[in-house]
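Student: Sharing a structure with you now.
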Amino acid sequence: MSDLISSLPDEIICYILYFLPSKQVVATSVLSKRWTLLWRYVSSLDFDLNQDFYEDDHDNGYCHSMHSFLVRRGDQPLYKFRIRGYSCDITKSIKSLIRTALSGSGRVQIIDLFCLWEDTAISSMVFNFKTLVALKLKYTIMEDISFVDLPFLKFLHLKYIISLIEDYLSQILSGCPNLEDLKVRVGTSEAKGKFIRLSKLVRANIDNILLSLETFKEVEVLRFNWLTPVRFITFYNCSLPHRISTAEILITT
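In my numbering, the protein residues as written are 932 to 1184.
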């Protein structure tokens, strides 16, 4: 029986490999001589560092593997950068990995990071990378953000950011004029600064941070969940935008 996959053009094979974890992608290099370097042309870095890699020797080896993966790709386009980090040693390397990725091909469109340690700082350069379409951060620390310029960003998900996101949120949103999908989940807090109306926003899911409904005038699907005394809500305009087709507002006291 012939090998149907190997008979496909390199472009199609790389597209298929794009959806696999990078560890599996690199493993295909042993299949045949043709596959030896094919992994370098796959435009994603996707490492999920699960509980099997809590030991220090595994951590160090995996950090080296990720850096090696980026460097050996050369200037090949990298569109997706996704890491799930569960150990301190690995997440400390995230910042340098991001810089390596963004300084390479310059075409990254998706950054998706889950870092389960409080000392994992995300470089502020992430918020000035103009090709980004999706930015998803969970359990990370934000460096001081002086400027945000994300003209093509459509998906912004910020969950359990270990820093005062309420100080930066208005600035971040102001730099995302084409945002369509927003998810923010933090500890109970009140956002600071002046918020612009997000005219392109379609879906918003906000947990435990107080924002004026004026910001969401154009949305179609809106979900608010506040863990806060009801009296605080009186400070905000609670008239629902007329375009909303689905709305859910939960207040837990």
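Glycine residues also receive a C-beta, built at the ideal position from the N, C-alpha and C atoms.
All values derive from a computational prediction rather than experimental measurement.
Only counting the same chain, and skipping five residues up and downstream in sequence, which positions put a Cβ closer than 6 Å to that of residue 1103?
Tutor: Here the set comprises 1079.
Student: One question on the structure: do residue 934 and residue 969 come within less than 8 Å of each other, judged by their Cβ atoms?
Tutor: Taking 8 Å as the Cβ cut-off, residue 934 and residue 969 do not qualify as a contacting pair.
Student: Pull up the distance between the alpha-carbon of residue 949 and that of residue 974, whole angstroms please.
Tutor: Roughly 6 Å separates the two Cα atoms.
Student: Checking 8 Å against the spacing of the C-beta atoms, do residue 1107 and residue 1087 come in under that value?
Tutor: Yes, the pair counts as a contact, with Cβ atoms nearer than the cut-off.
Student: Which residues in the same chain as residue 1004 place their Cβ atom closer than 6 Å to its Cβ, once the five residues preceding and following it in sequence are excluded?
Tutor: 971, listed in sequence order.
Student: If we ignore side chains and look at the alpha-carbon of each, how far apart do residue 963 and residue 1014 end up?
Tutor: Using only the alpha carbons, I get a separation of about 28 Å.
Student: How far does the beta strand (DSSP E) with residue 1046 in it reach, from first residue to last?
Tutor: Taken as a continuous stretch (DSSP letters only), the beta strand (DSSP E) holding residue 1046 covers 1041-1046.
Student: Confirm, please, whether the CB-CB distance from residue 1044 to residue 1061 is below 8 Å.
Tutor: Taking 8 Å as the Cβ cut-off, residue 1061 and residue 1044 do not qualify as a contacting pair.
Student: To the nearest angstrom, how far is the alpha carbon of residue 936 from that of residue 944?
Tutor: For residue 936 and residue 944, the distance between alpha carbons rounds to 7 Å.
Student: Quick check: what's the CA-CA separation for residue 1099 versus residue 1105?
Tutor: Distance between the alpha carbons of residue 1099 and residue 1105 is about 10 Å.
Student: Under the assumption that residue 1053 contacts residue 1071 (Cβ atoms under 8 Å), give the Cβ distance between them as a whole number of angstroms.
Tutor: Correct: roughly 5 Å between the Cβ atoms.
Student: Just verifying my parser: in three-state terms, what is the DSSP assignment at residue 1059?
Tutor: The answer is helix: DSSP assigns residue 1059 an H, G or I state.
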